[in-house]
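Encoded as structure tokens, the structure appears first; notes follow it.
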Amino acid sequence: MIIVMKAGRPQSEAVKIMTELEARGLKPVPLYGVERTVIAVIGEERDLDMSHLQSFEGVDKVMRVVKPYKLVSIETHPEPTIIEVNGVKIGSQQLVAMAGPCSVESEQQMECAAAKLAEMGIKILRGGAYKPRTGPYSFQGLGKEGLQILKETADRHKMAVVTEALDVRDLDEVCKYTDIIQMGARNMQNFELLKELGRIKKPVLLKRGLSATIEELLLAAEYILAHGNNEVILCERGIRTFEKDTRNTFALATVPLIKELSHLPIIVDPSHATGKRSLLAPMTKAAIAAGADGFIIEVHPNPEEALSDAEQQITPEEFEKLYENLKPIAEAVNRHF
Ligand code: PEP
Ligand code: MN
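In the working numbering, the protein residues as written are 168 to 504.
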């Protein structure tokens, strides 16, 4: 950390802050210039509260030298983390394809989607039983009944399950039915939930918050790792911008940037990122070309009748075409499904 003092201020102000740093076990190294003093701080700066230091009399700027996260950083762990679910090695050369309806609606709906997806070789079935809806009068999901339908359907087709937990109170129940716990965009900064995910022995699919920065996404993942669970799959699902023609703005650069910053796998969710069926195929291709470790796409046997996100869901037949068209792209970047 570097602390820049204001110009023309007494040395005593720099001495005061240095005493504070020493009391916290850090080593301040002052550089006394003609106009101002600059203090270089040696030691673990992540534990320091920047705003506390900034509040000292005479401080102009406090600048971090290292990233605020550690466990998720590629510097701490240069090898990619590989998470195995139902025979798919997520984060390796193998790409992961997760697909299924936005919400679990009925046994028949899930069976129809899963049977076709399983036939295509899809190993991970999605479906929301607890739905985070913007309005309280929209379909909220089938809850526990939805979890049961999801798990029974997946078992019949030898698929693994990914589903969302919305609340700390439901976490243990959701864990009984799922192989991957989804942390939705709206909960990315639910810190109590993130801490609880640390003690769970299941991989977490952590979606980027609607207005979260990449650093905030990595810090959310850091919570889970810091509390004991190293199996986190990041997910770019688009962010809120001024653009109205797509549901969100698909921030594709997140994918290669995360690869520079972290060892965790990253997948994309083009369904929520674009909200438009016609954009799913081109954006999934782009994501695979950019280095994504896979995708999660909403597939419904009858999208027009879907109880949530009807406009962005595709039929199993449309999905099959998209999936087949991805294979040459994957091969071109030395990946496979
Ligand atoms: C979902 O995947 O069902 C979902 C609600 O996504 P997000 O949290 O990204 O909005
Ligand atoms: Mn959805």
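Note that CB positions come from ideal geometry on N, CA and C, so glycine has one too. Computed from a predicted model, the values in this text were never measured in an experiment.
What number of angstroms, rounded off, separates the C-alpha of Ala418 from the C-alpha of Ile367? Against the sequence shown, residue 418 aligns to sequence position 251. Against the sequence shown, residue 367 aligns to sequence position 200. Cα-Cα distance, rounded: 29 Å.
Endpoints, the alpha helix (DSSP H) within which Gln307 is located: Here residue 307 refers to the residue found at position 140 when the sequence shown is read from its first residue. Per DSSP, Gln307 belongs to no alpha helix (DSSP H) and is neither H nor E.
Use the C-beta contact count for Gly461: other C-beta atoms within 10 angstroms, 16 or more gives buried, fewer gives exposed. Against the sequence shown, residue 461 aligns to sequence position 294. Classification for Gly461: buried.
Which term fits Glu272, buried or exposed, when burial requires 16 or more other beta carbons within 10 angstroms of its beta carbon? Taking the first residue of the sequence shown as position 1, residue 272 is located at position 105. With 16 or more other Cβ atoms within 10 Å, it is buried.
Under 5 Å from any heavy atom of the ligand PEP, by CB: list those residues in chain order, please. Listed by position along the chain, the residues with Cβ atoms less than 5 Å from a non-hydrogen atom of the ligand PEP are Gly295, Gly351, Ala352, Lys374, Arg404 and His439.
Bridge partners of Tyr199, per DSSP? Position 32 of the sequence shown, counted from the start, is the residue given in the question as residue 199. According to DSSP, Tyr199 bridges with Thr204.
Looking at C-alpha atoms only, which residue of Thr330, Arg323 and Leu292 is the closest neighbour of Leu309? Stepping through the sequence shown from its first residue, residue 309 is reached at position 142. Out of Thr330, Arg323 and Leu292, Thr330 has the C-alpha closest to the C-alpha of Leu309.
With distance defined between alpha-carbon atoms, name the residue in Cys402, Met326, Asp216 and Gly395 nearest to Met287. Along the sequence shown, one-based indexing puts residue 287 at 120. Closest by alpha carbon: Met326.
Boundaries (first-last residue) of the alpha helix (DSSP H) holding Ile463: As a position in the sequence shown, residue 463 is number 296, starting the count at 1. Not the alpha helix (DSSP H): Ile463 falls in the beta strand (DSSP E), residues Gly461 to Glu465.
Proximity of His324 and Leu292 at Cβ, strictly below 9 Å: For this step, residue 324 is matched to residue 157 along the sequence shown. For this step, residue 292 is matched to residue 125 along the sequence shown. Result yes, Cβ atoms of His324 and Leu292 sit closer than 9 Å.
With hydrogens ignored, establish whether the beta-carbon of Asp339 is closer than 8 Å to any heavy atom of the ligand MN. Counting from one through the sequence shown, the residue named residue 339 turns up at place 172. No, the beta carbon of Asp339 sits no closer than 8 Å to any heavy atom of the ligand MN.
Taking Cβ to Cβ, would you say Pro437 is nearer than 9 Å to Arg353? If you number the sequence shown from 1, residue 437 lands on position 270. If you number the sequence shown from 1, residue 353 lands on position 186. Cβ distance not < 9 Å, so Pro437 and Arg353 don't count as in contact.
Taking only heavy atoms of the ligand MN into account, decide whether any of them is closer than 8 Å to the Cβ of Gln178. Along the sequence shown, one-based indexing puts residue 178 at 11. Incorrect: Gln178 has no Cβ contact closer than 8 Å to the ligand MN.
Should Phe409 go down as buried or exposed, given a rule of 16 or more other Cβ atoms within 10 Å for buried? Here the question's residue 409 lines up with position 242 in the sequence shown. Flag for Phe409 reads exposed.
Tell me whether Ser475, by its Cβ, gets closer than 8 Å to a heavy atom of the ligand MN. Against the sequence shown, residue 475 aligns to sequence position 308. Answer for Ser475: yes, Cβ within range of the ligand MN.
Using a Cβ-Cβ cutoff of less than 7 Å, which residues in the same chain neighbour Asp227 once the five nearest sequence positions on both sides are dropped? Counted from its first residue, the sequence shown places residue 227 at position 60. Once the five neighbours on either side are set aside, the close Cβ partners of Asp227 are Val171, Met172 and Lys173.
Distance cut-off 8 Å: Ser270 Cβ against heavy atoms of the ligand MN: Mapped onto the sequence shown, residue 270 falls at position 103. Yes, Cβ of Ser270 sits closer than 8 Å to a heavy atom of the ligand MN.
Would you tell me roughly how many angstroms separate the C-alpha atoms of Glu471 and Gln480, rounded to the nearest one? Position 304 of the sequence shown, counting from 1, holds the residue named residue 471. Position 313 of the sequence shown, counting from 1, holds the residue named residue 480. Rounded to whole angstroms, Glu471 to Gln480 spans 8 Å at the Cα level.
For Tyr344, collect the residues of the same chain with a Cβ closer than 6 Å to its Cβ; drop the 5 residues on either side in sequence, then sort them by chain order. Your numbering for residue 344 matches position 177 in the sequence shown. Excluding sequence neighbours, Tyr344 sits near Leu314 and Lys318.
Helix or strand or just coil, what does DSSP make of Ser475? Working through the sequence shown from its first residue, we reach residue 475 at position 308. Here Ser475 sits in coil by DSSP.
Straight-line gap, Gln349 to Leu333 (C-alpha atoms, nearest Å): Position 182 of the sequence shown, counting from 1, holds the residue named residue 349. Position 166 of the sequence shown, counting from 1, holds the residue named residue 333. Distance from the CA atom of Gln349 to the CA atom of Leu333, rounded to whole angstroms, is 9 Å.
Do you know offhand how far Lys369's Cα is from Leu424's? Locating residue 369 in the sequence shown gives position 202, where the first residue counts as 1. Locating residue 424 in the sequence shown gives position 257, where the first residue counts as 1. Cα-Cα distance, rounded: 26 Å.
Count Cβ pairs between the region 387-396 and the region 444-451 that sit closer than 8 Å; are there 3 or more? no
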